[in-house]
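Just below is one structure, and these are the notes that go with it.
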Amino acid sequence: MGEEAAEVVVRINHPRLDKVFHYLIPQKMDKPQLGMRVKVPFGPRLVEGWVVGYSEAEEGILLREIAEITATEPDFTEEMLKLAHWMAGYYMHPLSEILELMSPPKAPKRPLELTIPESGPQHSAEGIVLTDEQQAALTKIMDGLNRQEGSSFLLYGVTGCGKTEVYLRSAQAALERGCQVLYLVPEIALTPQMDAIFRSWFGEEVAVWHHRLTGREKYKTWEGIKRGFYKVLIGPRSAVFAPFKTLGLVIIDEEHDPAYKQQEKPHYHARQVALWRARYNKAVIVLGSATPSLESYTAAVAGKTQVLSIKKRPPGRYLPRVSVVDMKEEVEKGNLSSLSRYLVEQIRLRLAKEEQVILFLNRRGYAPLVFCPSCGEVLKCRNCSISLIYHKQTRDLRCHYCNIRRAVPEVCPSCGNRKGMRFLGTGIQKVEKELNEILPDSRVVRLDYDTTRKKGAFQRILGSFYRREADILLGTQMVAKGHDFPGVTLVGVLNADLSLNLPDFRSAEHTFQLLTQVSGRAGRGTQPGEVVVQTLYPDHYSITAACEGDHHYFYREEMRRRRYLEYPPFGELIRVRLTGDDEEKVISLSAQMTEELRCVLNPDQIAVLGPAPASVVRVKGYYRYQVMLKGKCRPVRRKIRECLGVYQKNNSVIISIEVDPFGF
Numbered sequence: 096m097g098e099e100a101a102e103v104v105v106r107i108n109h110p111r112l113d114k115v116f117h118y119l120i121p122q123k124m125d126k127p128q129l130g131m132r133v134k135v136p137f138g139p140r141l142v143e144g145w146v147v148g149y150s151e152a153e154e155g156i157l158l159r160e161i162a163e164i165t166a167t168e169p170d171f172t173e174e175m176l177k178l179a180h181w182m183a184g185y186y187m188h189p190l191s192e193i194l195e196l197m198s199p200p201k202a203p204k205r206p207l208e209l210t211i212p213e214s215g216p217q218h219s220a221e222g223i224v225l226t227d228e229q230q231a232a233l234t235k236i237m238d239g240l241n242r243q244e245g246s247s248f249l250l251y252g253v254t255g256c257g258k259t260e261v262y263l264r265s266a267q268a269a270l271e272r273g274c275q276v277l278y279l280v281p282e283i284a285l286t287p288q289m290d291a292i293f294r295s296w297f298g299e300e301v302a303v304w305h306h307r308l309t310g311r312e313k314y315k316t317w318e319g320i321k322r323g324f325y326k327v328l329i330g331p332r333s334a335v336f337a338p339f340k341t342l343g344l345v346i347i348d349e350e351h352d353p354a355y356k357q358q359e360k361p362h363y364h365a366r367q368v369a370l371w372r373a374r375y376n377k378a379v380i381v382l383g384s385a386t387p388s389l390e391s392y393t394a395a396v397a398g399k400t401q402v403l404s405i406k407k408r409p410p411g412r413y414l415p416r417v418s419v420v421d422m423k424e425e426v427e428k429g430n431l432s433s434l435s436r437y438l439v440e441q442i443r444l445r446l447a448k449e450e451q452v453i454l455f456l457n458r459r460g461y462a463p464l465v466f467c468p469s470c471g472e473v474l475k476c477r478n479c480s481i482s483l484i485y486h487k488q489t490r491d492l493r494c495h496y497c498n499i500r501r502a503v504p505e506v507c508p509s510c511g512n513r514k515g516m517r518f519l520g521t522g523i524q525k526v527e528k529e530l531n532e533i534l535p536d537s538r539v540v541r542l543d544y545d546t547t548r549k550k551g552a553f554q555r556i557l558g559s560f561y562r563r564e565a566d567i568l569l570g571t572q573m574v575a576k577g578h579d580f581p582g583v584t585l586v587g588v589l590n591a592d593l594s595l596n597l598p599d600f601r602s603a604e605h606t607f608q609l610l611t612q613v614s615g616r617a618g619r620g621t622q623p624g625e626v627v628v629q630t631l632y633p634d635h636y637s638i639t640a641a642c643e644g645d646h647h648y649f650y651r652e653e654m655r656r657r658r659y660l661e662y663p664p665f666g667e668l669i670r671v672r673l674t675g676d677d678e679e680k681v682i683s684l685s686a687q688m689t690e691e692l693r694c695v696l697n698p699d700q701i702a703v704l705g706p707a708p709a710s711v712v713r714v715k716g717y718y719r720y721q722v723m724l725k726g727k728c729r730p731v732r733r734k735i736r737e738c739l740g741v742y743q744k745n746n747s748v749i750i751s752i753e754v755d756p757f758g759f
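Quick note: the sequence shown uses my numbering, first residue 96, plus one each step.
So this is what it looks like as structure tokens:
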């Protein structure tokens, strides 16, 4: 038997270092536990790393020794190490990158006293009567908690049906059984309202996790979850890596939301990670949505997930009536406004009855495009191949990718025209201006990225609208997510088809989900609601299905199209993106890599598509090209990584791999 060697992943993120390095344990050193942070000699310097395993040292190879153990306890449990290995394999990322993502926050310099929070106040369920559908769903979830077999549920309930009530009762049942609860929300902005709701039931046993917390707050939350002090954790996708001691219930609210997919490296989907953790812990997982992702819907159809249906709102609350306005007809009749005549008429009626209105526009800024009326040139960012957006408040043009600003030119930079630039399209600030002109006595508040940058602004705007200090809430996608305003009886969707024109195979799914979710903001009080959908494509299946509430028709049609084209979830997709400041080098390397992949992979199993420019080819001065792999990729991922590894040695071009990509 040879000497035992520690397998160490060094804390250096580089494709060529994506492997374990072996080190001996000095005689005077206690054997480090798995997951322990250590310092090791690496070349001429000492670097940090993590012990991830042990193996027998090979004979004839001179190994160096671990220099130091730098922590008092492991950074990762056995569960989290196994999760890291799974993620590295599935998402094709270096293990060091995954461990860095999952690593605990630094301990504060000043000692932090951790106290066991008082339990309660336990909310009394008396007086709150569940509907038959809610009770049936809760009973199934409680059965799953009792079995402790890792049950998976899709809570498929219409908007405003009371899913939160089911979540709270489920969490209460989990806590009564000595389990911890993870509650995921798609956006940080949604954590305060859910925190308040859960605290009203469970008091100080509730904690929140997200990247905007201070270092001390992060450390306190992390340690509190790890030691079992906190019983409920609420947060966006990063909360899925918290070190639970007794995880028994996972809830993913609005599981369809694209925000659960991390767009930056390392790419991962929180839903997939949560499913893995639930299986490992034999915990119950509840995926909740009024518009499930096609992945979750397909899993339910295949019997992998049990469906819990809530088809009705509670008594006294009804689904809104939906009216569709064909904007082509509005233009033909001479109405060039962003607001159709029917929508304006309905807004006036609601305001006269002192009811509230939500208007949804998937745009930021005053007007999407600024162009020259003489030559037709659209002003674009000099660093990114994307149109600049005019912002009326600051009277300048901005790039929404790199945030560069410039003044509106008096002379066209392309043709020299001095007649002035024109605005094309509809931006949220432009709609705000139109509302103030058409309805000068109405109180309008705007909810978008620009108005919510300052800390607390998001809650202040929503709070003022909830208190009826405003009549109309004009917003971007933020207004579609989980808000409950009893005074809202009218929702207007100004550009329902915008997302249909994006170069994304999920565009119809996103359109259907967005329309359904926005529509769900109407009629949540005692008054009936109406939704007015303005569109150029009233006959598109995603729009008709959303407007008619025919979910099964949409999913059936979308599944048929995806299956035919072998897109997820009926096929696998991997995007390989090449980025560099020299476009010729990027194009050349992407062409070489594509040919190599076509030689290595079986064309009957995997189609190699491209290379092609990214939808936005230039960002912050860097050119982006991509190659798509479509088909049965999972069995040959190792082969794909080996092939790409050769090209990742090129330092002038960065190569990134994204499995199950979102956004094109």
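Even glycine gets a Cβ: it sits at the ideal position worked out from N, Cα and C.
At the level of alpha carbons, what is the spacing between TYR186 and MET124?
36 Å
Exposed or buried, GLU221, counting other C-beta atoms within 10 Å across all chains shown (16 or more means buried)?
Note on GLU221: pLDDT 49, under 50, position unreliable in the model; no value is reported.
How many Å lie between PHE171 and ASP545 at the Cα?
39 Å
For GLU244, collect the residues of the same chain with a Cβ closer than 7 Å to its Cβ; drop the 5 residues on either side in sequence, then sort them by chain order.
Contacts found: LYS377.
Put VAL439 into one of helix, strand or coil per three-state DSSP.
helix
Please check the pair LEU568 and ILE453, which I expect to be a contact at CB under 8 Å, by giving their CB distance rounded to whole angstroms.
5 Å
Taking three-plus beta-carbon pairs below 8 Å as touching, is the region 404 to 416 in contact with the region 363 to 377?
no
Straight-line CA distance for ARG656 to GLU390?
Looking at the two C-alpha atoms, the distance is approximately 14 Å.
Do the CB positions of THR400 and PHE248 come within less than 8 Å of each other?
yes
Is it buried or exposed, ASN241, if we count other Cβ atoms within 10 angstroms and call 16 or more buried?
exposed
Among GLU154, ARG132 and GLU192, the one whose alpha carbon lies nearest that of LYS360
GLU192
Going by DSSP in three states, PHE665 sits in which element: helix, strand or coil?
coil
Exposed or buried, ASN767, counting other C-beta atoms within 10 Å across all chains shown (16 or more means buried)?
Residue 767 cannot be examined here, being either before or after the span of the chain that is shown, 96 to 759.
Can you pull the DSSP bridge partners for GLN451?
VAL583
SER537 versus PHE518: straight-line alpha-carbon distance, rounded
26 Å
Please report the residue range of the beta strand (DSSP E) in which TYR650 lies.
Looking at the DSSP string, TYR650 is not in any beta strand (DSSP E); the run it does join, the alpha helix (DSSP H), is 646 to 660.
Comparing C-alpha positions only, which one of TYR314, TRP145, ARG693 and THR674 sits nearest to ILE750?
THR674
Would you call ALA101 buried or exposed, if buried means 16 or more other Cβ atoms sit within 10 Å of its Cβ?
buried
Just checking, does the region 323 to 331 make contact with the region 275 to 288 on the three C-beta pairs under 8 Å criterion?
Of all C-beta pairs linking the region 323 to 331 to the region 275 to 288, three or more are shorter than 8 Å, placing the two stretches in contact.
Alpha carbon to alpha carbon, how far is ASP645 from GLU653?
13 Å
Beta-carbon proximity of VAL722 to VAL671, cut-off 8 Å
yes
According to DSSP, GLU99 sits in a beta bridge with which residue or residues?
GLU151
Would you mind reading off the limits of the beta strand (DSSP E) that contains TYR717?
That run of the beta strand (DSSP E) goes 717 to 726.
Just verifying my parser: in three-state terms, what is the DSSP assignment at LEU609?
helix
Proximity winner among GLN488, THR489, ARG490 and VAL473, relative to SER482 (alpha-carbon distances)
VAL473
GLU691 beta carbon less than 8 Å from that of CYS738
Result yes, Cβ atoms of CYS738 and GLU691 sit closer than 8 Å.
With DSSP collapsed to three states, give me the class of GLU564.
Correct three-state label for GLU564: coil.
Do you know offhand how far HIS364's Cα is from VAL419's?
34 Å
Flag this pair as yes or no: are the beta carbons of ILE346 and TYR251 separated by less than 8 Å?
Taking the C-beta atoms as reference points, TYR251 is found no nearer than 8 Å to ILE346.
Buried or exposed: which applies to HIS306, given that a residue is buried once 16 or more other Cβ atoms fall within 10 Å of its Cβ?
Classification for HIS306: exposed.
In or out: LEU660 buried (at least 16 other Cβ within 10 Å) or exposed?
exposed
Between the Cα of ALA394 and those of HIS117, ASP755 and PHE665, spot the shortest distance and give me the residue it belongs to.
PHE665
Using the three-state DSSP reduction, which class does SER747 fall into: helix, strand or coil?
coil
Just reading off the beta strand (DSSP E) that THR630 is part of, what are its end residues?
Where THR630 is concerned, the enclosing beta strand (DSSP E) stretches over 625 to 630.
Same chain, Cβ closer than 6 Å to GLU99, neighbours up to 5 away in sequence not counted
TYR149
Rounded straight-line distance, which links the Cα of GLN441 to that of PRO706
49 Å
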